[in-house]
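**Student:**
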Amino acid sequence: NAGVTQTPKFRILKIGQSMTLQCTQDMNHNYMYWYRQDPGMGLKLIYYSVGAGITDKGEVPNGYNVSRSTTEDFPLRLELAAPSQTSVYFCASSYLTGGDTFGSGTRLTVV
Amino acid sequence: AQSVTQPDIHITVSEGASLELRCNYSYGATPYLFWYVQSPGQGLQLLLKYFSGDTLVQGIKGFEAEFKRSQSSFNLRKPSVHWSDAAEYFCAVGYLNAGGTSYGKLTFGQGTILTVHP
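Sequence lines, in order, name chains A and B. Each step along the first sequence adds one to the number in the working numbering, with nothing skipped, and position 94 is 94. Each step along the second sequence adds one to the number in the working numbering, with nothing skipped, and position 67 is 1067.
1) With C-beta atoms as the reference, is A/Tyr47 less than 9 Å away from A/Asn30?
2) Under a Cβ-count criterion, where at least 16 other Cβ atoms within 10 Å of its own Cβ denotes burial, should A/Gly42 be classed as buried or exposed?
3) Output needed for B/Val1004: all residues of its chain with C-beta closer than 6 Å, excluding positions within five of it in sequence on either side, in chain order.
4) At the level of alpha carbons, what is the spacing between A/Met27 and A/Ala81?
5) Can you check which of these residues, B/Leu1047, B/Val1081, B/Ser1072 and B/Cys1023, is closest to B/Ile1009 by C-alpha distance?
6) May I ask you to list, following chain order, the residues of the stretch 48 to 68 of chain A that have a beta carbon less than 7 Å from some beta carbon of chain B?
7) Which value, in whole angstroms, describes the spacing of the CA atoms of B/Glu1064 and B/Glu1088?
8) Identify, in the order they occur along the chain, each residue of the same chain with its Cβ nearer than 6 Å to the Cβ of B/Ser1073, setting aside the five sequence neighbours on each side.
9) Out of curiosity, what's the CA-to-CA distance linking A/Leu76 and A/Ala2?
10) Who are the neighbours of B/Phe1074 on chain A, taking C-beta pairs under 8 Å?
11) Need the endpoints of the beta strand (DSSP E) that B/Pro1031 sits in, please.
12) Between A/Ser18 and A/Arg11, what straight-line distance do the alpha-carbon atoms span, to the nearest angstrom?
13) Is DSSP giving B/Ile1060 helix, strand or coil here?
14) Looking at the structure shown, is A/Arg68 part of a helix, part of a strand, or coil, going by DSSP?
15) Taking only the alpha-carbon atoms, compute the straight-line gap between B/Gly1111 and A/Thr71 and give it to the nearest angstrom.
16) With 16 other CB atoms within 10 Å as the buried threshold, where does A/Val111 fall?
17) Are the beta-carbon atoms of B/Gly1043 and A/Phe74 separated by less than 9 Å?
18) Is B/Tyr1032 near B/Lys1049, with beta carbons less than 9 Å apart?
19) Check whether chain E comes within 9 Å of A/Ala92, counting only Cβ atoms and requiring the distance to be less than that.
20) Comparing alpha-carbon positions, which option in A/Thr5, A/Ser104 and A/Leu45 lies nearest A/Asn62?
21) Which residues in the same chain as B/Pro1079 place their Cβ atom closer than 6 Å to its Cβ, once the five residues preceding and following it in sequence are excluded?
22) What does A/Gly105 touch in chain B if you count any residue whose Cβ is under 7 Å from its own?
23) What's the C-alpha gap between B/Leu1021 and A/Gln22?
24) Count the other C-beta atoms from every protein chain shown that fall within 10 angstroms of the C-beta of A/Lys9, then say buried if there are 16 or more, exposed otherwise.
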């Protein structure tokens, strides 16, 4: 039972580059989320999805985009990387309410 | 807007001692509440959650939390701490919409780092 799988685990980007953070869950959860974690700041919700084809903004969506074409996958896209996007990114999923299962995270550095 | 405060940034206890981590939330409607634990370099693991019913909630690893509406608190407790409990702990709050469901838009506290001395 893999749970929530995130790739890559680490990435260094140059300013202005783009990338996609992958997230896959195998629990048939309808809710999926992307958070970013900065030191001493807890987790901030970037985007979330309540099902395939349905996404909405969270607290800090600027600079990011998401899509949800299947129940399993919820990729997060950074189009023009900026130093402020240096963070640890977590994907999570749940059946009804709350992020019950988290991935192990992607540590992104933008230089 | 909802908010969560974890007043203690860092707590140190001796192994075998009792533990209480504080969490206060601010929101007018009925909240639902979570505690998570994060070991270094790892994702978050759900310890327990409260939606309704009994205000004393049992979780994994011997943890429990008590919802006190009058104090807007959801403190995490453990009677005897083990060295393996050293980690960072996060409290989170969400809310139910009019339909009694939620989109899981959680607000997290800043976290409390727990150090355990042998």
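We put the beta carbon where it would ideally sit given N, CA and C, even for glycine. Predicted model, so just to flag it, every value in this text is computed and none were measured.
**Tutor:** This is what the structure holds:
1) For the purposes of this step, residue 47 of chain A is taken as residue 47 along the first sequence, with counting starting at 1. For the purposes of this step, residue 30 of chain A is taken as residue 30 along the first sequence, with counting starting at 1. The answer is no: Cβ separation not under 9 Å.
2) Along the first sequence, read from residue 1 onward, the residue named residue 42 of chain A stands at position 42. Per the 10 Å Cβ criterion, buried.
3) Taking the second sequence and counting its residues from 1, the one referred to as residue 1004 of chain B is at position 4. Taken in chain order, the residues that qualify are Tyr1025, Cys1091, Val1093, Thr1107 and Gly1109.
4) Working through the first sequence from its first residue, we reach residue 27 of chain A at position 27. Working through the first sequence from its first residue, we reach residue 81 of chain A at position 81. Between A/Met27 and A/Ala81, the alpha-carbon positions lie close to 31 Å from each other.
5) As a first step, residue 1009 of chain B must be located in the second sequence, where it is residue number 9. Here the closest residue by C-alpha is B/Cys1023.
6) Those residues of the stretch 48 to 68 of chain A that come within reach of chain B (Cβ to Cβ, closer than 7 Å) are Tyr48, Val50 and Gly58.
7) For the purposes of this step, residue 1064 of chain B is taken as residue 64 along the second sequence, with counting starting at 1. For the purposes of this step, residue 1088 of chain B is taken as residue 88 along the second sequence, with counting starting at 1. If I take the Cα positions, the gap works out to 16 Å.
8) Counting from one through the second sequence, the residue named residue 1073 of chain B turns up at place 73. Within its own chain, the residues whose Cβ lies closer than 6 Å to the Cβ of B/Ser1073, once the five positions on either side in sequence are excluded, are Asn1024, listed in chain order.
9) In the first sequence, the residue the question calls residue 76 of chain A occupies position 76. In the first sequence, the residue the question calls residue 2 of chain A occupies position 2. If I take the Cα positions, the gap works out to 20 Å.
10) Your numbering for residue 1074 of chain B matches position 74 in the second sequence. What B/Phe1074 touches in chain A: nothing, since even the nearest Cβ is about 13 Å away.
11) In the second sequence, counting from the first residue as 1, residue 1031 of chain B sits at position 31. It spans Pro1031 to Gln1038 - the beta strand (DSSP E) in which B/Pro1031 sits, taken as one unbroken run.
12) By one-based count along the first sequence, residue 18 of chain A stands at place 18. By one-based count along the first sequence, residue 11 of chain A stands at place 11. Each residue's CA atom was taken as its position, placing A/Ser18 and A/Arg11 some 11 Å apart.
13) Within the second sequence, residue 1060 of chain B is the residue found at index 60, counting from 1. In the structure shown, the three-state DSSP call for B/Ile1060 is helix.
14) Here residue 68 of chain A refers to the residue found at position 68 when the first sequence is read from its first residue. Three-state DSSP puts A/Arg68 in coil, outside helix and strand.
15) Stepping through the second sequence from its first residue, residue 1111 of chain B is reached at position 111. Stepping through the first sequence from its first residue, residue 71 of chain A is reached at position 71. Cα to Cα, B/Gly1111 sits roughly 31 Å from A/Thr71.
16) By 1-based counting over the first sequence, the position of residue 111 of chain A is 111. Looking at its Cβ environment, which holds fewer than 16 other Cβ atoms inside 10 Å, A/Val111 is exposed.
17) Reading the second sequence from its first residue, position 43 is the one you call residue 1043 of chain B. Reading the first sequence from its first residue, position 74 is the one you call residue 74 of chain A. Contact: no.
18) Position 32 of the second sequence holds residue 1032 of chain B. Position 49 of the second sequence holds residue 1049 of chain B. Contact flag set, yes.
19) In summary, chain E is missing from the structure at hand, where the protein chains are A and B.
20) Working through the first sequence from its first residue, we reach residue 62 of chain A at position 62. Of the candidates A/Thr5, A/Ser104 and A/Leu45, the one whose C-alpha sits nearest the C-alpha of A/Asn62 is A/Leu45.
21) Taking the first residue of the second sequence as position 1, residue 1079 of chain B is located at position 79. Excluding residues within five positions, the ones whose Cβ falls inside 6 Å are Ser1018.
22) Position 105 of the first sequence, counting from 1, holds the residue named residue 105 of chain A. Residues of chain B passing the Cβ test: Gly1043.
23) Start at 1 with the first residue of the second sequence, and residue 1021 of chain B comes out as number 21. Start at 1 with the first residue of the first sequence, and residue 22 of chain A comes out as number 22. Distance from the CA atom of B/Leu1021 to the CA atom of A/Gln22, rounded to whole angstroms, is 34 Å.
24) Against the first sequence, residue 9 of chain A aligns to sequence position 9. Label assigned to A/Lys9: exposed.
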